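Engineer: The structure's right below; bear with me while I get my questions together.
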Amino acid sequence: MSWHASEGADLQHTDGLVALEAIHLMKNYREEGSPFFLAVGFYKPHTPFVAPKRYFEMYDKSKIVVPTVPEGYLDTIPEPAVRSIRKKDQIDLPEDTARSAIHAYHATISYLDARRRLLDALETLGIEGHYHCAVHLGSWLPYG
Numbered sequence: 366m367s368w369h370a371s372e373g374a375d376l377q378h379t380d381g382l383v384a385l386e387a388i389h390l391m392k393n394y395r396e397e398g399s400p401f402f403l404a405v406g407f408y409k410p411h412t413p414f415v416a417p418k419r420y421f422e423m424y425d426k427s428k429i430v431v432p433t434v435p436e437g438y439l440d441t442i443p444e445p446a447v448r449s450i451r452k453k454d455q456i457d458l459p460e461d462t463a464r465s466a467i468h469a470y471h472a473t474i475s476y477l478d479a480r481r482r483l484l485d486a487l488e489t490l491g492i493e494g495h496y497h498c499a500v501h502l503g504s505w506l507p508y509g
């Protein structure tokens, strides 16, 4: 598991570029009057948790509460879920490491939220009622 508070700007990161290119394509298709299908996916909030430093600065790491992992935790979840955990040694991390990872996760979520301009472009282009936004967030799993 890794993370980094980058000095780079939003558009110097992959998801910033993905959003920018998607907006560019939507504008072109709209101007041509062509029907289109555009599937846009973002890399964050998956590891490595890399985002511009300003998103890390939005959160006070010292105030992040690290949840405890109960003894025998793996015995309480379905077997397919246990098999999906590739790095079981990361279940019970040292508290400071876990706090840093949670901090970085929050930063990448906020960075991804800032990609809202993709949804704003739908409105600007007058096609806001003609799209489907899907989020899986683990809902495809039997226990999700």
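With the working numbering applied, the sequence shown covers 366 to 509. Don't be surprised by glycine CBs; every beta carbon is placed ideally from N, CA and C. Since the model is a prediction, treat every value here as computed from it, not as a measurement.
1. Going by C-alpha distance, which of 499, 487, 476 and 481 is nearest residue 395?
2. Output the distance between the C-alpha atoms of residue 474 and residue 391, rounded to the nearest integer angstrom.
3. Could you name the residues of the same chain whose beta carbon sits closer than 7 Å to that of residue 455, not counting the 5 residues immediately before and after it, in chain order?
4. DSSP three-state label for residue 509, please.
5. Does DSSP put residue 445 in a helix, in a strand, or in coil?
6. Starting from residue 370, follow the beta strand (DSSP E) in both directions and report where the run begins and ends.
7. Identify whether residue 374 lies in helix, strand or coil by the three-state DSSP scheme.
8. Going by DSSP, what residue range makes up the beta strand (DSSP E) through residue 434?
9. Where residue 407 and residue 436 are concerned, what is the direct C-alpha to C-alpha distance, given to the nearest angstrom?
10. Output the boundary residues of the beta strand (DSSP E) element that contains residue 407.
11. According to DSSP, is residue 416 part of a helix, a strand, or is it coil?
12. Output the distance between the C-alpha atoms of residue 431 and residue 461, rounded to the nearest integer angstrom.
13. Count the other CB atoms within 10 Å of the CB of residue 414; is the residue buried (16 or more) or exposed (fewer)?
Structural biologist: Taking the coordinates as given:
1. 487
2. 24 Å
3. 366
4. Unreliable positioning characterises residue 509 in this predicted model, as indicated by a pLDDT of 34, which lies under 50. The coordinate reading is nonetheless provided below. Residue state, collapsed to three classes: coil.
5. helix
6. Residue 370 -> beta strand (DSSP E) spans 368-371.
7. coil
8. From DSSP, residue 434 is part of no beta strand (DSSP E); its letter is neither H nor E.
9. 35 Å
10. Unbroken run through residue 407: none, as it is neither H nor E.
11. Three-state result, residue 416: strand.
12. 9 Å
13. buried
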